[in-house]
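Protein chains in written order, with the numbering used here: chain A, 4 to 764; chain B, 499 to 660.
Even glycine gets a Cβ: it sits at the ideal position worked out from N, Cα and C.
If you're wondering where the values come from, they're calculated on a predicted model, not measured in any experiment.
The structure appears below as structure tokens.
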Amino acid sequence: MSARTYRYIGTRPIRHDGLDKVTGRANYGADFTLPGLLQGVVVRSPHAHARIVSIETQAAEAVPGVKAVITGKDIPETSARLALGAEGAFDLHDIGDNLMAHGKALYEGHAVAAVAATSIDAAREAAKLVRVVYEPLEPVMSIERAIAPDAPILHADMVTKGRPLPGTTGPTNIAGRMELKRGDVDQAFAGADVVVEREFRTSTVHQGYIEPHACVARSGEDGQILVWCSTQGGFIARDFCALILGIDAARIKVIPSEIGGGFGGKIPVYLEPVAIVLSHKAGRPVKMVMSRSEVFRASGPTSGTRIRMKLGAKRDGTIVAAQASLWYEAGAYRGSPSGAGAMCCLASYAIPNFFVEAHDVVVNKPKVAAYRAPGSPMATFATESLVDEVARAIGMDPIELRLKNAVAEGDHAPYGPVYGPIGLKQVLEAARAHPHWSAPLGPSQGRGVACGFWFNAGLSSSATVTLNGDGSAGVVTGNPDIGGTRVAQAMMVAEELGIPVERVRPSVADTDTAGYTDLTGGSRVCYATGMAVIRAAQDIAEQLRSRAATIWNVDRDRVAWEPGRPGRVIALDESPDGSVRPPLTIVELASKMAQTGGPIVGRAAVNAPMAGPGFAAHICDLDVDKETGRSTVARYTAIQDVGKAVHPSFVEGQMQGGAAQGIGWALNEEYIYDADGVMENAGFLDYRMPVASDLPMIDTVLVEVANPLHPYGVRGVGEVPIVPPLAAVANAMRDATGVRFTELPLSPSRVLEGLGTIAKG
Amino acid sequence: MRIQVETTLNGEPTTFLCEAHHSLLDVLRNGLGLTGTKEGCSTGDCGACSVLMDGRLVPACLVLAPEAQDRTVITIEGIATSEALHPLQQKFLEHAALQCGVCTPGFIVAAKALLDANPNPSETETRYWLAGNLCRCTGYDKIVRAVLDAAAEMSSGKAAAR
């Protein structure tokens, strides 16, 4: 693998879909229309926790132009589950109840009814006239409240899954609990020279994709349903709709639009089944687009957390013990990424003794969705802050300390398997060698470093490559392209067949056209779908050997494929007259397709049960204004093992974008609720994501430790880079101020509180 | 009551009908089918709907459609000529300055307004000018580089033409 030289992999061609995106021609979720289109609007609960006593819809139905009004009664309560490989199973009952409340509104913004009308103005007017009588209940807005003995219970039938806390009986808000352990923790802590322990908190944060959720659905008289939507997976959107509504998957065609960001938040369905039901009732197509406020209140986010963690180390820097108790808010339904947090938080270090318990807790906030390396950033924030504390306590360089404990090939991951070739040590060595690490700091600046881990996913993918008569080719897959996966797939076809990238046209197809493909998520597309694309292209090469054998009238195994530019087949034997047969290029063979057996279509379907784990280290310089509490990232470097960078620009882009999101999480972003559980900052002005003037250039270092599971060595790159920034920023804050901050975000007021400038509010 | 508005849109005289409360963004996207201008927030915070009105950078979501009367409006659809992309568009492609691409039209329109006013902006000036445009994918690094590179190329092109 290492000896392979590439023609196209590792180059930086312009993406095929780029022109449409810089000219405004690309069509996203809200850009689609159909004749007779109705506009749909959702009626949402103003209460964070309330029993729905009654819903009166006649007044809304009487508004001129209104064609359909639906409530929870129109969304069936299903008990189906949708399994998705290693990513776990989705509980369709909860997703259905989240689409539209059936008995209780469980968060402010929970859908309770929906209206479709001939204009958006009419739909909004009608939505105001849907009369819902609520019996407000006490909202449960924190983990402390949720687990208190007298806490209101969100779900009367909820019991703790996994390993319940001893003595737990009856209904609870603790939806799940799990444990991970190794060795003897108590003995190891007793033998440690240094023990550091702290409690950490992170806030509820949103994925913050710029494109709100949007869809168009048309339910036909023949029962066939068309859905155009912005989703991270056409097939998962289709299957969610089919299972929730009890319809055959074959009756639903999902056309995934261009997607304006997802980060995990566009895996669930929020609008699509509602639009289908409205369309069915109205007999016309229905469009639904969320407002930004609805996106914040009723989609995403990821968990707020409370984490207590303890590390023990020897004076020489060897970490000998770790103990952690993780509490993650799930929002209104079970399913926080607390288990992933438990599995990730110690994954960077070979620690002989640990005990980690993780709890999944329901609260009256929106049901959490996946967010880039779900669960890992918060728990890693705790670990990496404490590793920094250990380094300070024993007076060791923080990179040296990490190198001393870093996992390598052959080590057991804390969640079970043995690591194959991984690049954490190489990443840390690159960090130590980077000029950033030794650059002088300004007087108000501090420097922090932190590592991060994410599993990455494999899952199922299909690909079809079609050879055209002129020697160009098309490649079709079913993964919505969020960050340049189409061009990467074209590069793989170009690499295998030896034709220029520009002559390969990559497409994302609808669910009637593409072979089954799991979602765009888990950093899996370039890896797993890429593997399907490579095999589909290799299938073409195999067919070209057969065609040449036909032309030469020789056995197929006497013909070899010779990658080159262009790719060609060569005869291994001389012709009967003793002359050397000139090779046949792919272009020549393509032109003879019709005479040699017809169309040449390469196909492949893969099921990749595992992926190559990803590791990163980030270095952050923070400039802290101690008078105002405002902190600014002065310099930032992201170093990551990327396996093999297919298109380095887009790999760098993932690292830079993940770092920026993590910086936002660390410094500014949080859901702010009032005493009644109503979100107070559901807009981009008050939910403060980083803007261009908040950030410096983000330097990147691509370390390439080949993943043996992939023919080019590719490993997922998209998620890891959001993991280190939380602690990298907080460690820089510690360095700049001398104060250890354990609660995010590091907003100016919190910094001033921590510095003792102002009293705690 | 519907209002008739006469405006110049991407160089073409254009007439449309709208309600008094409709935004320019509503009319561009839903009335005129120009969906290149994106809607990210409708509160003027994200810049996805950036357009130029009489050369001034505005979020179309905060402009009432009737205000376009007798104005010239340029949207993302009016940035390239029929022969060539604008240098900003070309540089966004070359620098891979877009991932999902939904913020890209707004960034290109905003960056054009910057370069129209300041042909040689510094990195800091560029970052502050573009602070009204949100991108969640890129961390802004490649966007800023693309804009600075486009500025350099446009300046050297002008220098060569002189």
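Check                                                                                                                                                                                     : Outcome
May I have the straight-line CA-CA distance separating Glu90/A from Val298/A, to the nearest angstrom?                                                                                    : Caution is warranted here: a pLDDT of 47 is assigned to Glu90/A, below 50, making its placement in the model unreliable, and no coordinate value can be reported.
Against Thr602/B, what residues of chain A qualify as contacts under a CB-to-CB distance less than 8 Å, listed in chain order?                                                            : Lys24 and Val25
Give every residue of the same chain whose Cβ lies closer than 7 Å to the Cβ of Cys635/B, excluding the five residues on either side of it in the sequence, and list them in chain order. : Gln597 and Cys598
Taking only beta-carbon positions, decide if Gly656/A is within less than 7 Å of chain B.                                                                                                 : yes
Applying the 10 Å Cβ sphere with the 16-neighbour rule, what's the burial state of Thr703/A?                                                                                              : buried
Between Tyr639/A, Ser306/A and Leu229/A, which lies nearest to Ala278/A when the distance is taken from Cα to Cα?                                                                         : Leu229/A
Looking at chain A, is there any beta carbon in it that lies within less than 7 Å of the beta carbon of Arg625/B?                                                                         : yes
Please return the same chain residues whose Cβ sits closer than 6 Å to the Cβ of Leu274/A, not counting the five positions on each side in sequence.                                      : His216, Cys218 and Met291
Which residue's Cα is closest to the Cα of His520/B: Cys547/B, Gly630/B, Leu560/B and Cys539/B?                                                                                           : Leu560/B
Could you list which residues in chain A have their beta carbon closer than 7 Å to that of Asp543/B, in chain order?                                                                      : Gly686, Phe687 and Leu688
Quick check on Phe514/B - is its C-beta less than 7 Å from some C-beta in chain A?                                                                                                        : no
If you follow the beta strand (DSSP E) that Ser765/A is in, where does it begin and where does it stop?                                                                                   : The shown model of chain A, from 4 to 764, leaves out residue 765/A, and the question about it has no answer.
For the beta strand (DSSP E) that contains Phe590/B, what are its first and last residues?                                                                                                : Segment Pro585 to Glu592 is the alpha helix (DSSP H) holding Phe590/B; no beta strand (DSSP E) there.
Measuring CB to CB, does Thr26/A end up less than 7 Å from Gln235/A?                                                                                                                      : no
Do Gly112/A and Ala327/A have their C-beta atoms closer together than 7 Å?                                                                                                                : no
In the structure shown, what three-state DSSP assignment does Asn528/B receive?                                                                                                           : helix
Give the residues from the segment 629-655 of chain B that approach chain A closer than 9 Å (Cβ to any Cβ), ordered along the chain.                                                      : Ala629, Gly630, Asn631, Leu632, Cys633, Arg634, Cys635, Thr636, Gly637, Tyr638, Asp639, Lys640, Ile641, Val642 and Arg643
List in chain order: all unbroken beta strand (DSSP E) runs of 3+ residues lying wholly within the segment 670-724 of chain A.                                                            : 701-706
Starting from Phe299/A, find everything on chain B with Cβ-Cβ shorter than 7 Å and list it in chain order.                                                                                : Per Cβ cutoff of 7 Å: no residues; Phe299/A is ~10 Å from chain B at best.
Is the Cβ-Cβ distance between Val72/A and Ala63/A less than 7 Å?                                                                                                                          : yes
Just to make sure I have the definition right: I need the residues of chain A whose C-beta is within less than 7 Å of the C-beta of Ala546/B. Which are they?                             : Ile213
Does the Cβ-Cβ distance between Glu545/A and Arg204/A come in under 7 Å?                                                                                                                  : no
Exposed or buried, which one is Asp614/B when buried takes at least 16 other CB atoms within 10 Å?                                                                                        : exposed
Use the C-beta contact count for Asn101/A: other C-beta atoms within 10 angstroms, 16 or more gives buried, fewer gives exposed.                                                          : buried
Would you mind giving the Cβ-Cβ distance between Met736/A and Val627/A, rounded to the nearest angstrom? I have them listed as a contact below 8 Å.                                       : 7 Å
Buried or exposed for Lys184/A, going by 16 or more other Cβ atoms inside 10 Å?                                                                                                           : exposed
Taking the alpha helix (DSSP H) that Ala569/B falls in, what are its first and last residues?                                                                                             : Checking the sequence shown, residue 569/B turns out to be Arg, not Ala. Where Arg569/B is concerned, there is no enclosing alpha helix (DSSP H), given that its DSSP letter is neither H nor E.
Return no unless some Cβ of chain B is closer than 7 Å to the Cβ of Gln598/A.                                                                                                             : no
Answer with buried or exposed for Ile675/A, where buried requires no fewer than 16 other C-beta atoms within 10 angstroms of its C-beta.                                                  : exposed
Counting only beta-carbon atoms, is Val694/A nearer than 7 Å to chain B?                                                                                                                  : yes
Could you tell me the distance, in whole angstroms, from the CA atom of Trp555/A to the CA atom of Met495/A?                                                                              : 29 Å
Residues in the segment 584-616 of chain B with C-beta within 7 Å of chain A's C-beta atoms, listed in sequence order?                                                                    : Gln587, Phe590, Leu591, Glu592, Ala594, Leu596, Gln597, Cys598, Gly599, Val600, Cys601, Thr602, Pro603 and Ile606
Keeping to the same chain, check which residues put their C-beta closer than 6 Å to that of Met499/B; ignore five residues upstream and five downstream.                                  : none
Quick check on DSSP: helix, strand or coil for Cys232/A?                                                                                                                                  : strand
With H, G and I counted as helix, E and B as strand and the rest as coil, what does DSSP make of Asp626/A?                                                                                : strand
Please compile the residues from chain B whose C-beta is within a distance smaller than 9 Å of the C-beta of Glu505/A.                                                                    : Going along chain B, no residue has its Cβ under 9 Å from Glu505/A, so there is no contact; the nearest lies around 13 Å.
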